[in-house]
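*Asks:* A single structure is presented below for examination.
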Amino acid sequence: GAGVSQSPRYKVAKRGQDVALRCDPISGHVSLFWYQQALGQGPEFLTYFQNEAQLDKSGLPSDRFFAERPEGSVSTLKIQRTQQEDSAVYLCASSLVRGGREDTQYFGPGTRLTVL
Amino acid sequence: AQTVTQSQPEMSVQEAETVTLSCTYDTSESDYYLFWYKQPPSRQMILVIRQEAYKQQNATENRFSVNFQKAAKSFSLKISDSQLGDAAMYFCAYRSGGYQTGANNLFFGTGTRLTVIP
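First to last, the sequence lines map onto chains W and P. According to this note's numbering, the first sequence holds residues 1 to 116 in order. According to this note's numbering, the second sequence holds residues 117 to 234 in order.
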């Protein structure tokens, strides 16, 4: 079946603008993750959903970052009043189950956000 | 907190040769999982191989195999018969085996850029 998809692939924003990044997980996947990948670094965890419930948002860097998954499928990561340090690739991943031995995360292609 | 260290920012290998990428990690947990992901220029993270900590046998997937040394907290990736398509960033990642909050997310190293020389 189809993999994880993300849109847009590229986003350029002026400092202070709000942006919304979309993730379509693999159909039927319970768990959804957002990661932030700065240039030359490995991805870092932002937040985790189990169905529509946001169970872990410990990685969100500030209250300007907000994520939702209202119907337990598509998720949106919103960044308000963007700053230059928000420039990064935002990766979404989904997995079939919650934790455990069968939990393998499958990643989307990411959205590259550039804040000018 | 768990940390994952990849000490080789860049590696190169001749086509058809073998290369080993290093990864070490730090954890106090006994139940966990380790992964190698490949990230080509397209940015899509592709799972290469996974290893369950409770398994003593090293995982193998075709030309990819791991050397998992639990006591040393070492998890290296060996790529045999390297192909041009193997050129990419390779990330080592750790995940807790538990079900508690925070156990599901992956902790990544900083990556190793692999170049394959024709």
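Built from N, CA and C at the ideal position, the CB exists for glycine as well.
Is Pro54 of chain W close to chain P? Criterion is C-beta to C-beta, closer than 8 Å.
*Replies:* Translated into the one-based positions of the first sequence, residue 54 of chain W becomes position 54. First, the residue type needs correcting, since residue 54 of chain W is Gln and not Pro in the sequence shown. No, Gln54 of chain W lies away from the interface with chain P (no Cβ there is under 8 Å from its Cβ).
*Asks:* Roughly how far, in whole angstroms, is the beta-carbon of Trp34 of chain W from the beta-carbon of Ala2 of chain W, given that I think they are within contact range, below 8 Å?
*Replies:* Here residue 34 of chain W refers to the residue found at position 34 when the first sequence is read from its first residue. Here residue 2 of chain W refers to the residue found at position 2 when the first sequence is read from its first residue. So it is not a contact: roughly 19 Å between Cβ atoms.
*Asks:* Within the same chain, show all residues whose beta-carbon is closer than 7 Å to that of Glu168 of chain P, passing over the 5 residues directly before and after it, in chain order.
*Replies:* What you label residue 168 of chain P is simply residue 52 of the second sequence in a count that begins at 1. Closer than 7 Å at the Cβ level, and outside the excluded window around Glu168 of chain P, lie Tyr149.
*Asks:* Once you ignore the five residues that flank Gln155 of chain P on each side, which residues in its own chain have a CB closer than 7 Å to its CB?
*Replies:* Here residue 155 of chain P corresponds to residue number 39 of the second sequence, with the count starting at 1. Met161, Ala204, Met205 and Phe207.
*Asks:* Would you check if there are 3 or more beta carbon pairs closer than 8 Å linking the stretch 76-88 of chain W to the stretch 176-195 of chain P?
*Replies:* They do not touch, by the three-pair rule.
*Asks:* Between P:Gly201, P:Glu126, P:Ser192 and P:Asn221, which lies nearest to Gly40 of chain W when the distance is taken from Cα to Cα?
*Replies:* Residue numbering aside, residue 40 of chain W sits at position 40 when the first sequence is read from its first letter. It is P:Glu126.
*Asks:* For Arg63 of chain W, which three-state DSSP category applies?
*Replies:* For this step, residue 63 of chain W is matched to residue 63 along the first sequence. Sequence check: residue 63 of chain W is Asp here, not Arg. Three-state DSSP puts Asp63 of chain W in coil, outside helix and strand.
*Asks:* What does a CB cutoff of less than 7 Å around Gly8 of chain W pick up in its chain, not counting 5 residues either side in sequence?
*Replies:* Counting from 1 along the first sequence, the entry for residue 8 of chain W is found at position 8. Before going further, note that residue 8 of chain W is Pro rather than Gly in the sequence given. Closer than 7 Å at Cβ, skipping near neighbours: Thr111.
*Asks:* With 8 Å as the limit, tell me which residues of the stretch 153-173 of chain P have their beta carbon closer than that to any beta carbon of chain W; keep them in chain order.
*Replies:* Those would be Tyr153, Ser158, Arg159, Gln160, Met161, Ile162, Leu163, Arg166 and Glu168, in chain order.
*Asks:* Just to confirm, are Glu145 of chain P and Ser192 of chain P a CB contact at a threshold of 8 Å?
*Replies:* As a working mapping, residue 145 of chain P is identified with position 29 in the second sequence. As a working mapping, residue 192 of chain P is identified with position 76 in the second sequence. For Glu145 of chain P and Ser192 of chain P, no; Cβs fall outside 8 Å.
*Asks:* Could you tell me whether the Cβ of Phe180 of chain P comes closer than 8 Å to any Cβ of chain W?
*Replies:* Position 64 of the second sequence holds residue 180 of chain P. Output row for Phe180 of chain P: interface = no.
*Asks:* Starting from the Cα of Gln173 of chain P, find the closest Cα among P:Phe184, P:Ile165, P:Val164 and P:Leu163 and give me that residue.
*Replies:* Looking up residue 173 of chain P in the second sequence gives position 57. Gln173 of chain P has its Cα closest to that of P:Phe184, out of P:Phe184, P:Ile165, P:Val164 and P:Leu163.
*Asks:* Name, going along the chain, the residues of the stretch 197-213 of chain P whose beta-carbon falls closer than 7 Å to a beta-carbon of chain W.
*Replies:* From the stretch 197-213 of chain P, only Phe207 have a Cβ closer than 7 Å to chain W.
*Asks:* Check the Cβ of Gln41 of chain W against every Cβ in chain P and list those closer than 7 Å, keeping chain order.
*Replies:* Within the first sequence, residue 41 of chain W is the residue found at index 41, counting from 1. Result: Thr226.
*Asks:* How big is the Cα-Cα spacing for Thr104 of chain W and Ile233 of chain P?
*Replies:* Taking the first residue of the first sequence as position 1, residue 104 of chain W is located at position 104. Taking the first residue of the second sequence as position 1, residue 233 of chain P is located at position 117. About 31 Å.
*Asks:* Kindly indicate which three-state DSSP category Glu85 of chain W falls into: helix, strand or coil?
*Replies:* To locate residue 85 of chain W, count along the first sequence from 1; it is residue 85. DSSP places Glu85 of chain W in helix when its eight states are reduced to three.
*Asks:* Which residues, taken in chain order from the stretch 84-98 of chain W, show a beta carbon closer than 9 Å to some beta carbon of chain A?
*Replies:* Of the chains in the structure shown, none is chain A; the protein chains are W and P.
*Asks:* Give me the chain P residues within the contact set of Pro109 of chain W, using Cβ-Cβ distance strictly less than 8 Å, ordered along the chain.
*Replies:* Within the first sequence, numbered from 1, the residue matching residue 109 of chain W stands at position 109. Within 8 Å Cβ-Cβ: Ser158, Arg159 and Gln160.
*Asks:* On the CB-based measure, 16 or more other CB atoms within 10 Å of its CB, does Tyr48 of chain W come out buried or exposed?
*Replies:* Residue 48 of chain W sits at position 48 when you count from the first residue of the first sequence. By the 10 Å Cβ count, Tyr48 of chain W comes out buried.
*Asks:* Would you verify that the beta carbon of Phe65 of chain W is, or is not, closer than 8 Å to some beta carbon of chain P?
*Replies:* One-based indexing of the first sequence puts residue 65 of chain W at position 65. Not one chain P Cβ lies under 8 Å of Phe65 of chain W.
*Asks:* Determine the extent of the beta strand (DSSP E) in which Met161 of chain P is found, giving its start and end residues.
*Replies:* If you number the second sequence from 1, residue 161 of chain P lands on position 45. Run containing Met161 of chain P: none; DSSP gives neither H nor E here.
*Asks:* Taking just the CA atoms, how far does Tyr210 of chain P sit from Arg64 of chain W?
*Replies:* Walking along the first sequence from the start, residue 64 of chain W turns up at place 64. Walking along the second sequence from the start, residue 210 of chain P turns up at place 94. Spanning the two alpha carbons is a distance of roughly 28 Å.
*Asks:* To which residues of the same chain is Arg22 of chain W closer than 6 Å at the C-beta, ignoring the five residues directly before and after it?
*Replies:* Counting from one through the first sequence, the residue named residue 22 of chain W turns up at place 22. Hits under 6 Å: Ser7 and Thr76.
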